[in-house]
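J.:
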Amino acid sequence: MCGIVGYVGSKNAPTILVDGLSHLEYRGYDSAGIVFYENNKFNIIKTEGRISNLRDAIPFESPSKVGVGHTRWATHGVPNQVNSHPHKQGKITLVHNGIIENYTGLKKELGNYTFNSETDSEVACALIDKLYNELGNMEEVLEKVPSMLKGSYALGIVVDDEPNKIYAIRHKSPLIIGVGDNENFIASDVPAILNKTKRYILLDDFDVVILSDEIKIKRNGNFIEPIIKEFDWEVDQTSLNGFDHYMLKEIYEQPDVVRRTIESFDTNEFPEFTSYEKIEIVACGSAYHAGLIGLHLIENYTNIEVSIHVASEYRYKKHNFNRKTLVIIISQSGETADSLETVRIAKENNIDTLGIVNVYGSSIARDVKYLIYSKAGCEISVATTKAYLSQITIMGLIASKIAKLDKVDSEHLIKTIVSVIEKREIYDNIANSIYTKEHLFFIGRGIDYYLGLEGSLKLKEISYIHSEAYPAGELKHGTISLVTPGTPFIAIVTDESIAEKTISNIKEVKARGARVILLIREDLFEKGDYYDEVILIPRLDDIYQPLATVIPLQLIAYETAKKRNCDIDKPRNLAKSVTVE
Ligand code: G6P
13 MCGIVGYVGS KNAPTILVDG LSHLEYRGYD SAGIVFYENN KFNIIKTEGR ISNLRDAIPF
73 ESPSKVGVGH TRWATHGVPN QVNSHPHKQG KITLVHNGII ENYTGLKKEL GNYTFNSETD
133 SEVACALIDK LYNELGNMEE VLEKVPSMLK GSYALGIVVD DEPNKIYAIR HKSPLIIGVG
193 DNENFIASDV PAILNKTKRY ILLDDFDVVI LSDEIKIKRN GNFIEPIIKE FDWEVDQTSL
253 NGFDHYMLKE IYEQPDVVRR TIESFDTNEF PEFTSYEKIE IVACGSAYHA GLIGLHLIEN
313 YTNIEVSIHV ASEYRYKKHN FNRKTLVIII SQSGETADSL ETVRIAKENN IDTLGIVNVY
373 GSSIARDVKY LIYSKAGCEI SVATTKAYLS QITIMGLIAS KIAKLDKVDS EHLIKTIVSV
433 IEKREIYDNI ANSIYTKEHL FFIGRGIDYY LGLEGSLKLK EISYIHSEAY PAGELKHGTI
493 SLVTPGTPFI AIVTDESIAE KTISNIKEVK ARGARVILLI REDLFEKGDY YDEVILIPRL
553 DDIYQPLATV IPLQLIAYET AKKRNCDIDK PRNLAKSVTV E
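In C-alpha cells:
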C-alpha cells in the first residue's frame, strides 16, 4: 500500500526520492509523486501509473536537497494524477499513508479551502495548514494533530517557510527514519533506503519528527535521544540478481530461508505452550494459510485446543477469552491493519500474544508479548513465497517443540526442497495445460486442502485465473456441478491417513470429464487412469511435508502467470502490505 520516502541531505533529492520509491513498488501502487525544493519553492511532480513515468518527468539535474515522495494505492478517489500525492494546501505540502476516518466532517469544517482531489489526505493537508496559520509553529501543530485526525496515518510534510526541513508523524501506519552520513531519510519501510543506509530509528505512534541535517524527535512533549538500530538485511535482497522476477528469485531462496529459520529458532524465547488451554491463530491472506498448517499440526501433535481466524473477522467477533488463551498473530509485514488490531484486542483483554513476524521492528513485532522472527529476509514480490515457507517451518517447529519430538534433519529437508524446486520443466508442462483456462479447482483433505488454499491464492493473485480450493469430500455438495469435460483439477494427496478417500473423490471428478493434475507423495502413488498428469512429491516427516508440497504449487502459479504475460511481481490491485482495513 502507499509508500513514503523523504530525503534531507546534500545530493539530488528528486533522483534519490524516485530511487527510494522504486524500492517500494512492491507494496502495490497506482500513481506516484514527489515534492522537492528548487528555485526557492517547493515543486510537485505527480504521474499516474508506474514509477518509470515519474522518473521520466523529474529533472535530470537538480540542486534540490530536500523532498518527499509517495506511491499511492487508491482508497479515496480513483487512481489519477489529481488524487495522487503530494497534496498542497496553503503553505503545507504532504504525503499520506493510511486512512483519515473523519475526513468528511473535517472537510465541512474546512469550508474556506478549495479541494482539488477526492482524497482524505488533502483534507489532512488543509487541516494542518489551518493549524499552522493559527499556531505559526509546526511542532505545536503536529502535537495537536492526533487529537483532530481519526484513523491511521503516516505523514511526510514540508512547509513553504522551512525549506530545509521535513516534518513527519505516524499513527498506526508504518514510518521509520533512516540515518545516513550527512543525510537523513523517512521511509515506510526498509527497502526504500537499504541501498543508502542500514541505520534506522523506529518511531512510536505520535512521535513528532523534525528532520534536517539533524534528527529531532519529540515524544510526549519532550525531545528524546533516539536509539539507532542496524538492519541485518542485505542490499542484494532488493535486487533481481539475474532472475526474471522477484517471485522466482524468492522461491529459489527458500532452501536458505528454511535453514535460517531452523537455525535461529530459539526455544528460550517461548511462552510455555503447555500452560495454555487454548490457542487462537489470527492472520490474513497467505499468513492465514500458514496458520491453517499450524492449526493442523498443533491439533495433531498436542492436546491444546486450537482455532483459527481471519483477522478482519476476528476483530469484530465476540471473544470468549480466558486467562489461559494464547493468541498467535502471523504476519509477514507486521503492519497489516487487521492483524495489528488483533494484538490490541488481546492486550486489552490481558491475553498473551505471540507474533510470528518477518519485518524487523514492525508494529506487530513491537506490540506482541512474545515474538518469533521468521527468517525470510526482505520479500519484494507481492505474492509471498519464502515468507509463507518460513511461517510454516515455524509452525512445524512449534508443534514439534510442544510434542517434544526429535530435532528435524535439516540437511535432508533442505536437499529435498532444492530437488523439488529444480523440477522446473514439469511445472512448465503443467502450466502449458492450464494457462488458457479461466477456472480451476484445487482439492485435498486436511492439510492437503490447506495447501490447496495457498496454491489457489497464488494462482489467482498472479495469473488472474479464477480458482477455488475445496475439501475433496465436500465437492459433491454443490461444486461438482461445475465439472465439465476438460475442467482442470489440481488434486493434492500427501496425507497417508486419508489418501484413499481423496483418491475416490478424484475418481468422481475424473469420471465427469475433469482433467486431473495429481500432486502426490511419491510413496503413495499408484499408476491408474484417475489422473492426466502427475507430480511426485518426495516424502518428508509429516510435520515438514507441506514445505515440499507447496513449492510445485508456487511454481505452477508462476509459470502459468508468465505464459499469460502477467505482471508477476506487481499484480493488479494488490498490495503487499495492507495497512488499511
Ligand atoms: C496482503 C499480501 C499477502 C499477505 C497478506 C497478509 O494481502 O498481498 O501476500 O499474505 O496481505 O499480509 P501480512 O504482511 O500480514 O502477512
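Quick note: the sequence shown, position 232, residue 244 per the numbering used here, numbers continuous. Don't be surprised by glycine CBs; every beta carbon is placed ideally from N, CA and C.
Less than 8 Å separating the beta-carbons of His99 and Ser64?
T.: The residue given as residue 99 occupies position 87 in the sequence shown. The residue given as residue 64 occupies position 52 in the sequence shown. Going by C-beta atoms, His99 is not nearer than 8 Å to Ser64.
J.: Could you tell me how far apart the beta carbons of Ser96 and Gly21 are, in whole angstroms, since I believe they sit closer than 8 Å?
T.: To locate residue 96, count along the sequence shown from 1; it is residue 84. To locate residue 21, count along the sequence shown from 1; it is residue 9. Not quite, the Cβ-Cβ distance comes to about 25 Å (not below 8 Å), so this is no contact.
J.: Per DSSP, Ala180 is paired with what?
T.: Counting from 1 along the sequence shown, the entry for residue 180 is found at position 168. Paired residue(s): Gly168, Val221.
J.: Can you round the beta-carbon distance between Glu8 and Leu536 to whole angstroms, since I take them to be within the 8 Å contact cut?
T.: Outside the shown range of the chain, which is 13 to 593, sits residue 8, and nothing can be said about it.
J.: From the DSSP output, read off the bridge partner residues of Ala503.
T.: Taking the sequence shown and counting its residues from 1, one reaches residue 503 at position 491. Bridge partners of Ala503: Ile455, Leu530.
J.: If I follow the unbroken alpha helix (DSSP H) through Ser351, where does it start and stop?
T.: Your numbering for residue 351 matches position 339 in the sequence shown. That run of the alpha helix (DSSP H) goes 349–360.
J.: Taking the alpha carbon of Gly233 as the reference point, which residue from Glu151, Leu552, Pro203 has its own alpha carbon closest?
T.: Counting from 1 along the sequence shown, the entry for residue 233 is found at position 221. Of the candidates Glu151, Leu552, Pro203, the one whose C-alpha sits nearest the C-alpha of Gly233 is Glu151.
J.: With a CB to CB cut of under 7 Å and the five nearest residues on each side skipped, what residues in its chain are close to Tyr125?
T.: Start at 1 with the first residue of the sequence shown, and residue 125 comes out as number 113. Same-chain partners within the cutoff: Gln101, Ala138.
J.: Since I believe Val80 is in contact with Ile178 (beta carbons under 8 Å), could you give me their beta-carbon distance rounded to a whole number of angstroms?
T.: Here residue 178 refers to the residue found at position 166 of the sequence shown. Here residue 80 refers to the residue found at position 68 of the sequence shown. With 8 Å as the limit, Ile178 and Val80 qualify as a contact, their Cβ atoms being about 6 Å apart.
J.: From what residue to what residue does the beta strand (DSSP E) around Arg436 run?
T.: Against the sequence shown, residue 436 aligns to sequence position 424. Per DSSP, Arg436 belongs to no beta strand (DSSP E); it is in the alpha helix (DSSP H), 436–446.
J.: Look at the alpha carbon of Asn55 and the alpha carbon of Phe48, and state the distance between them as a whole number of angstroms.
T.: Position 43 of the sequence shown, counted from the first residue, corresponds to residue 55. Position 36 of the sequence shown, counted from the first residue, corresponds to residue 48. Those two C-alpha atoms are separated by around 5 Å.
J.: Is Gly297 near the ligand G6P, going by C-beta to nearest heavy atom under 7 Å?
T.: Position 285 of the sequence shown, counted from the start, is the residue given in the question as residue 297. Correct: Gly297 has its Cβ closer than 7 Å to the ligand G6P.
J.: Helix or strand or just coil, what does DSSP make of Gln101?
T.: Here residue 101 refers to the residue found at position 89 of the sequence shown. Gln101: strand per DSSP, three-state reduction.
J.: Just list the alpha helix (DSSP H) runs in the region 256–327, keeping only unbroken ones of 4 residues or longer that don't cross its boundaries, in chain order.
T.: The qualifying runs are 258–264, 266–275, 297–313, 323–326.
J.: Cβ of Gln266 within 7 Å of any heavy atom in the ligand G6P?
T.: Translated into the one-based positions of the sequence shown, residue 266 becomes position 254. No.
J.: Return yes when at least one heavy atom of the ligand G6P lies under 7 Å from the C-beta of Gln101, else no.
T.: Position 89 of the sequence shown, counting from 1, holds the residue named residue 101. Every heavy atom of the ligand G6P is 7 Å or more from the Cβ of Gln101, so no.
J.: Roughly how far, in whole angstroms, is the beta-carbon of Asn92 from the beta-carbon of Ser43, given that I think they are within contact range, below 8 Å?
T.: Your numbering for residue 92 matches position 80 in the sequence shown. Your numbering for residue 43 matches position 31 in the sequence shown. About 7 Å; that satisfies the 8 Å criterion.
J.: Indicate the three-state DSSP secondary structure (helix, strand or coil) for Ala86 in the structure shown.
T.: Numbered from its first residue, the sequence shown carries residue 86 at position 74. Correct three-state label for Ala86: coil.
J.: When the distance is taken between beta carbons, is Asn334 closer than 8 Å to Glu284?
T.: As a first step, residue 284 is located in the sequence shown; it is residue number 272 there, counting from the start. As a first step, residue 334 is located in the sequence shown; it is residue number 322 there, counting from the start. Their beta carbons are not under 8 Å apart, which means Glu284 does not touch Asn334 by this criterion.
J.: Decide if Thr448 is buried, meaning its Cβ has at least 16 other Cβ atoms within 10 Å, or exposed.
T.: One-based indexing of the sequence shown puts residue 448 at position 436. Classification of Thr448: exposed, given that the 10 Å Cβ count is below 16.
J.: Grab the span of the alpha helix (DSSP H) containing Asn517 for me, first residue to last.
T.: One-based indexing of the sequence shown puts residue 517 at position 505. Asn517 -> alpha helix (DSSP H) spans 511–523.
J.: Tell me, which residues are paired with Val20 by DSSP?
T.: The residue you call residue 20 lines up with position 8 of the sequence shown. In the DSSP output, where bridge partners are listed per residue, Val20 has Val78, Asn196.
J.: Could you say which of Pro26, Thr314, Ile181 lies nearest to Met407 if we only look at CA atoms?
T.: Here the question's residue 407 lines up with position 395 in the sequence shown. Taking only the C-alpha atoms, the option nearest Met407 is Thr314.
J.: Give the DSSP-derived three-state secondary structure of Val562 in the structure shown.
T.: For this step, residue 562 is matched to residue 550 along the sequence shown. Three-state result, Val562: helix.
J.: Rank Pro238, Asn577, Val420, Ser319 by C-alpha distance to the C-alpha of Val270 and give the top, closest one.
T.: On the sequence shown, position 258 is the one that residue 270 refers to. The option with the nearest alpha carbon to Val270 is Val420.
J.: So is Tyr385 buried or exposed if we call it buried at 16+ other beta carbons inside 10 Å?
T.: Position 373 of the sequence shown, counted from the start, is the residue given in the question as residue 385. Burial call: buried.
J.: According to DSSP, is Glu466 helix, strand or coil?
T.: The count along the sequence shown starts at 1 and reaches residue 466 at position 454. Looking at Glu466 - three-state DSSP - the assignment turns out to be helix.
J.: Just the Cα atoms here: how many angstroms apart are Ala86 and Lys435?
T.: The residue given as residue 86 occupies position 74 in the sequence shown. The residue given as residue 435 occupies position 423 in the sequence shown. Going by the C-alpha atoms only, they are around 39 Å apart.
J.: Residues in its own chain within less than 8 Å of Ser475 by CB, not counting five upstream and five downstream?
T.: On the sequence shown, position 463 is the one that residue 475 refers to. Counting only Cβ-Cβ distances below 8 Å, and skipping sequence neighbours, we find Tyr447, Ala569, Thr572, Ala573, Arg576, Cys578.
J.: Is Gln344 near the ligand G6P, with its Cβ less than 7 Å from a heavy atom?
T.: Mapped onto the sequence shown, residue 344 falls at position 332. Result yes, Cβ under 7 Å from the ligand G6P.
J.: Going by alpha carbons, who is nearest to Arg182 out of Arg231, Val202, Val135?
T.: Walking along the sequence shown from the start, residue 182 turns up at place 170. Arg182 has its Cα closest to that of Arg231, out of Arg231, Val202, Val135.
J.: Taking just the CA atoms, how far does Thr273 sit from Ala388?
T.: For the purposes of this step, residue 388 is taken as the residue at position 376 of the sequence shown. For the purposes of this step, residue 273 is taken as the residue at position 261 of the sequence shown. One C-alpha to the other measures close to 8 Å.
J.: Between which residues of its own chain and His321 is the CB-CB distance below 6 Å, once the five residues before and five after are set aside?
T.: The residue labelled residue 321 in the question sits at position 309 within the sequence shown. If we look at His321 and ignore the five residues flanking it on each side, its Cβ neighbours are Val294.
J.: Compute every distance between the C-beta of Val394 and the non-hydrogen atoms of the ligand G6P, then say whether any falls below 7 Å.
T.: As a first step, residue 394 must be located in the sequence shown, where it is residue number 382. Val394: yes, Cβ under 7 Å from the ligand G6P.
J.: For the beta strand (DSSP E) holding Ser393, just list the boundary residues, first then last.
T.: Numbered from its first residue, the sequence shown carries residue 393 at position 381. Where Ser393 is concerned, there is no enclosing beta strand (DSSP E), given that its DSSP letter is neither H nor E.
J.: Applying the criterion that 16 or more other CB atoms from any shown protein chain within 10 Å of the CB defines a buried residue, is Leu252 buried or exposed?
T.: Numbered from its first residue, the sequence shown carries residue 252 at position 240. The residue is exposed, with fewer than 16 neighbouring Cβ atoms inside 10 Å.
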